[in-house]
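The block underneath contains the structure these notes are about, expressed in structure tokens.
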């Protein structure tokens with residue numbers, strides 16, 4: 001029994017998005033709020049849109065939800081999980097768990113120097 005890991009005891013997040021969580025922790029302990037910019041490309045030339053179609057530039061994050069990947073036993077339907085960022089206007093953006101694909105890049109206001117990083 002000592003070698004069995006309790007499936008209900010999990011860290012607050014997996015290795016997915018670890019750089020983002022570290023940046024978020026840094027800015028939250030120094031500034032106390034999280035303003036983010038999200039891009040569709042690594043150069044930061046194409047700004048991503050939220051669920052309402054508005055660009056995500058200097059947007060205040062209200063809350064973050066992370067969902068682990070899982071599967072429904074009876075139907076074998078899988079859910080890859082991921083992270084959801086909700087903004088102060090009620091809109092959101094979702095980042096799926098993906099070991100191989102990068103969908104978005106970000107910068108966080110208050111992190112100096114401002115470096116565009118991949119959501120991985």
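Numbering (UniProt numbering), first residue to last: 1 to 120.
All C-beta atoms in this analysis are idealised placements derived from N, C-alpha and C, irrespective of residue type, glycine included.
Checklist entry - Straight-line CA distance for residue 104 to residue 95? => result Here residue 104 refers to the residue found at position 104 when the chain shown is read from its first residue. Here residue 95 refers to the residue found at position 95 when the chain shown is read from its first residue. Using only the alpha carbons, I get a separation of about 8 Å.
Item to check | Distance between residue 84 and residue 51 (C-alpha atoms, nearest Å) | outcome: By one-based count along the chain shown, residue 51 stands at place 51. By one-based count along the chain shown, residue 84 stands at place 84. Rounded to the nearest angstrom, the two C-alpha atoms are 11 Å apart.
Checklist entry - Run through DSSP, which three-state label would residue 49 get? => result Start at 1 with the first residue of the chain shown, and residue 49 comes out as number 49. Residue 49: strand per DSSP, three-state reduction.
Next on the checklist: In the DSSP assignment, the beta strand (DSSP E) including residue 63 goes from what residue to what residue?
Outcome noted: Indexing the chain shown from 1 puts residue 63 at position 63. Start and end: 59–67.
Item to check | Assumed close pair residue 39, residue 47 - CB separation to whole angstroms, cut-off 8 Å | outcome: As a first step, residue 39 must be located in the chain shown, where it is residue number 39. As a first step, residue 47 must be located in the chain shown, where it is residue number 47. Confirmed, about 6 Å.
Checklist entry - Distance, Cα to Cα, residue 27 vs residue 33? => result Locating residue 27 in the chain shown gives position 27, counting from the first residue. Locating residue 33 in the chain shown gives position 33, counting from the first residue. Computed Cα separation, rounded: 7 Å.
Checklist entry - What does residue 28 pair with, by DSSP beta-bridge criteria? => result Locating residue 28 in the chain shown gives position 28, where the first residue counts as 1. Beta-bridge pairing links residue 28 to no other residue.
Checklist entry - Leaving out the 5 sequence neighbours to the left and right, which residues in its chain are closer than 6 Å to residue 88 when beta-carbon positions are compared? => result Indexing the chain shown from 1 puts residue 88 at position 88. Cβ within range, chain order: 60, 62.
Item to check | Given residue 106 as reference, the closest of 112, 113, 119 once Cα atoms are compared | outcome: Working through the chain shown from its first residue, we reach residue 106 at position 106. Out of 112, 113, 119, 119 has the C-alpha closest to the C-alpha of residue 106.
Item to check | Rounded separation between residue 97 and residue 69 - CA only | outcome: Numbered from its first residue, the chain shown carries residue 97 at position 97. Numbered from its first residue, the chain shown carries residue 69 at position 69. If you take the alpha carbons of residue 97 and residue 69, they lie about 7 Å apart.
Checklist entry - What is the rounded straight-line gap between the Cα of residue 116 and the Cα of residue 81? => result The count along the chain shown starts at 1 and reaches residue 116 at position 116. The count along the chain shown starts at 1 and reaches residue 81 at position 81. For residue 116 and residue 81, the distance between alpha carbons rounds to 24 Å.
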